[in-house]
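Chains as they are written, first to last, in my numbering: chain U, 1 to 422; chain S, 423 to 790.
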């Protein structure tokens with residue numbers, strides 16, 4: 001097949017364990033986002049809009065829903081005769097079989113796939129970031145600087161810099177040092193987890209990294225420092241658009257709310273940079289006679305009979321009469337029944353909230369046995385996917401409701417269904 | 423599900439024209455229900471019934487129809503074999519011109535190269551989520567030459583209406599818009615017959631120089647053919663005129679009608695636009711309305727259908743209206759019983775009012 005200038009490899013195999021129950025059955029990139037999207041839509045759409053025609057999606061953790069969601073890439077215009085979209089799970093071979101041990105190992109295990117495409121450059125992306133970026137600009141900078149690797153960075157507030165992987169650079173933007181979560185940061189340029197490598201150089205370093213028994217086979221921790229140590233030219237490329245890692249319950253909630261509060265920053269209405277998503281085959285949404293919808297985003301198949309304020313409502317979700325939903329995220333197919341008061345909650349896929357349930361930050365007296373300091377913060381309450389919640393219960397903020405295990409009794413979660421593949 | 427049938431959809435009907443809405447587009451391509459075109463219903467019904475080979479008979483004004491259908495991928499009809507085929511009229515030579523614009527030679531060729539036993543022929547003025555599987559099965563079992571689908575709600579949706587009279591379940595009379603109907607069976611614009619029989623009928627028609635093809639063309643042969651009836655009680659909206667187009671649209675606001683058409687396990691497919699979710703701002707008021715993706719809602723919307731990408735400006739008031747794709751209703755405009763076609767703009771402070779039986783229609787791309 002003809003040579004390709006640059007192909008993309010999307011790392012979509014991580015569990016996203018900090019999202020708790022939301023990644024119980026599905027990988028983080030397949031988690032619903034922003035009313036009609038899944039998180040991975042952003043990386044895939046960026047590739048399509050940047051003219052990249054070959055995309056490998058590396059999957060590992062709970063891939064069923066992600067695989068069927070992505071299909072052959074048709075929804076992102078990635079169903080092509082040559083190249084197109086490939087799903088790349090770990091596989092068995094004569095050399096043995098192994099899970100993807102780290103981000104670098106995942107690419108290492110697919111060296112043959114990349115070689116077959118004969119690219120000059122390989123773009124490595126995460127499947128779990130919300131942003132719009134034209135990778136062509138970054139490639140241009142990479143080629144002009146004759147760099148071996150180019151890493152997208154963005155300026156973060158100095159007081160937060162110690163939470164990120166920080167790139168120290170010289171005046172020309174060359175990376176001189178990489179520090180993971182430095183206590184005393186010397187720069188405020190944080191890595192976005194978007195890398196362009198000249199393929200032949202990266203190939204050498206991946207093979208060397210694999211042979212190092214002490215390596216954790218991670219781009220940030222191992223490959224980038226090794227390249228710096230080897231005197232390679234690493235360029236920092238500053239990106240100043242909206243970017244968010246939705247790795248925690250709080251950042252997922254906050255990023256959804258950004259679509260309501262700061263819509264111009266990511267601008268989903270940009271006709272020249274569409275975010276493509278899989279079609280849900282639902283009719284236009286219906287807003288009933290006694291309904292009220294304020295300061296919110298809604299999509300196909302939604303039915304609102306109650307009150308919705310400052311919320312993100314996903315396809316097929318239903319809010320019944322007299323129910324009040326505020327500062328919340330309703331994932332696809334969820335139902336909030338009559339008389340509920342839902343405040344600052346995330347309701348998982350197909351979950352049914354019984355009548356007159358009160359849940360969230362404004363509940364003063366209620367069940368506290370689901371409070372989860374590990375996952376939840378800022379009063380956000382999370383209901384897992386496929387749950388049926390009993391009528392009339394009250395659940396305080398910062399709770400996380402998991403599915404009921406077989407044989408376990410729980411008077412709040414009446415039932416839970418293992419999700420079928422969409 | 424494995425129906426051995428192909429489909430023919432007749433994209434236009436010279437007796438059913440929806441005024442300004444059909445000036446530039448065929449009836450089948452008329453936008454309907456917030457994000458659909460009328461043809462989506464018949465096409466999806468066929469696909470959901472296992473029909474994998476569909477010909478669209480396009481007489482005139484088919485540019486918008488072709489744009490909508492594309493390769494048929496949205497209906498899963500982009501197949502290696504068969505799939506979707508648009509059959510436009512064509513001239514066989516410079517010197518031979520068919521007497522009417524609709525040329526049935528193309529249809530004959532399409533049928534000749536198919537392999538299916540049966541053909542479902544359907545009009546495009548019916549909005550319904552129909553299963554044709556049982557229809558074809560009953561036809562096969564009965565041994566009839568032709569089976570015609572009908573229901574009993576003939577009076578609810580106005581003219582033109584094809585009234586069918588059956589005796590012992592055999593069609594004995596067919597009348598168009600009878601003043602005093604002798605039967606309450608009303609054609610649903612869908613018939614099934616064997617492919618070879620349809621080809622025979624077409625060769626005869628070509629030899630006689632006929633060239634108008636529709637379901638009446640088949641039904642009026644009730645004297646020489648055995649035509650049986652098949653009653654279908656699925657929720658059906660008939661579109662026979664601008665007034666019935668308007669009232670059928672408004673019926674989608676009944677939640678029961680909405681569910682029957684769209685929330686069964688058989689989905690209605692349409693062209694995907696990848697619009698962003700609809701945004702509702704602070705001072706809006708929306709009640710009993712269908713709203714689509716890509717809309718910005720700031721004003722008041724009541725009892726209306728708003729298509730994809732519409733802007734409803736501040737202090738504007740829209741009631742009993744159909745606002746089509748990418749139109750803009752600017753600040754303070756007031757609309758009642760109005761249909762605004764695609765890409766139009768209603769400027770600040772403009773007030774338009776029609777009546778439910780005679781809605782005001784603003785043509786595509788007009789600035790009012």
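Built from N, CA and C at the ideal position, the CB exists for glycine as well.
Next on the checklist: What residue range does the beta strand (DSSP E) around residue 195/U cover?
Outcome noted: 189-198
Item to check | Within 8 Å, strictly: CB atoms of residue 305/U and residue 320/U | outcome: yes
Checklist entry - In angstroms, rounded to a whole number, what distance separates the CA positions of residue 255/U and residue 312/U? => result 11 Å
Next on the checklist: Suppose you measure from the CA of residue 174/U to the CA of residue 236/U; what does that come to, to the nearest Å?
Outcome noted: 6 Å
Item to check | Cross-chain neighbours of residue 269/U in chain S, by beta carbon under 9 Å | outcome: 697, 698, 701, 716, 718 and 731
Item to check | 7 Å Cβ cut-off: residues of chain S touching residue 366/U | outcome: Correct list: empty, because the minimum Cβ distance to chain S is about 29 Å.
Next on the checklist: Considering Cα atoms alone, identify which of 247/U, 243/U, 249/U and 282/U is closest to residue 264/U.
Outcome noted: 243/U
Next on the checklist: Measuring only the C-alpha atoms, how far is residue 742/S from residue 790/S?
Outcome noted: 18 Å
Next on the checklist: In whole angstroms, give me the CA-to-CA distance for residue 224/U and residue 398/U.
Outcome noted: 38 Å
Checklist entry - Is residue 299/U close to chain S, meaning its C-beta is less than 8 Å from at least one C-beta of that chain? => result yes
Item to check | Segment contact flag, the region 271-279 of chain U with the region 382-401 of chain U, C-beta cutoff 8 Å, min 3 pairs | outcome: no
Checklist entry - Along the region 187-210 of chain U, what residues have a CB closer than 7 Å to any CB found in chain S? => result none
Checklist entry - How about residue 349/U and residue 32/U: do their beta carbons lie closer than 8 Å? => result yes
Checklist entry - In terms of residue numbering, what span does the alpha helix (DSSP H) encompassing residue 436/U cover? => result Any question about residue 436/U goes unanswered here, given that chain U covers just 1 to 422.
Next on the checklist: Quick check on residue 607/S: does DSSP put it in helix, strand or coil?
Outcome noted: strand
Item to check | Coil, strand or helix - residue 416/U by DSSP | outcome: strand
Checklist entry - What are the residues that DSSP puts in a beta bridge with residue 700/S? => result 298/U
Item to check | With 16 other Cβ atoms within 10 Å as the buried cut-off, status of residue 121/U | outcome: buried
Next on the checklist: Does residue 323/U pass the burial test, meaning 16 or more other C-beta atoms within 10 Å, or should it be called exposed?
Outcome noted: buried
Checklist entry - Quick one, which residues of the region 681-697 of chain S are near chain U if we go by CB-CB under 7 Å, in chain order? => result 684, 689, 691, 694 and 696
Item to check | Touching by the beta-carbon criterion (3+ pairs, under 8 Å), the region 358-365 of chain U and the region 332-350 of chain U | outcome: yes
Checklist entry - Who are the Cβ neighbours of residue 566/S in its own chain at under 6 Å, not counting the five residues just before and after it? => result 648 and 650
Checklist entry - Given that residue 34/U touches chain S, what residues does it touch there, using C-beta distances under 8 Å? => result 699
Item to check | Cut-off 8 Å between Cβ atoms - residues of its own chain near residue 413/U, not counting five sequence neighbours on either side | outcome: 387, 388, 389, 390, 401, 402, 403 and 404
Checklist entry - How about residue 470/S: is its C-beta nearer than 8 Å to some C-beta of chain U? => result no
Next on the checklist: Can you pull the chain U neighbours of residue 853/S, defined as C-beta to C-beta under 8 Å?
Outcome noted: Lying outside 423 to 790, the shown extent of chain S, residue 853/S is not represented and no answer is given.
Item to check | Interface flag, residue 289/U vs chain S, CB-CB below 8 Å | outcome: yes
Checklist entry - Which chain S residues sit within Cβ distance under 9 Å of residue 48/U? => result In chain order: nothing, as chain S lies at least about 11 Å away.
Checklist entry - Does any CB atom of chain S fall closer than 8 Å to the CB of residue 285/U? => result yes
Checklist entry - In this structure, what does DSSP give as the bridge partners for residue 400/U? => result 382/U
Item to check | Straight-line Cα distance separating residue 682/S from residue 675/S | outcome: 12 Å
Next on the checklist: Let me see if you follow: with CB-CB separation under 8 Å, is residue 276/U close to chain S or not?
Outcome noted: yes
Next on the checklist: Is the beta carbon of residue 382/U closer than 8 Å to that of residue 353/U?
Outcome noted: no
Checklist entry - Residues in its own chain within less than 8 Å of residue 146/U by CB, not counting five upstream and five downstream? => result 233
Item to check | Status (buried if at least 16 other CB within 10 Å, exposed otherwise) for residue 82/U | outcome: exposed
Item to check | Cutoff 8 Å: residue 332/U Cβ touching any chain S Cβ | outcome: no
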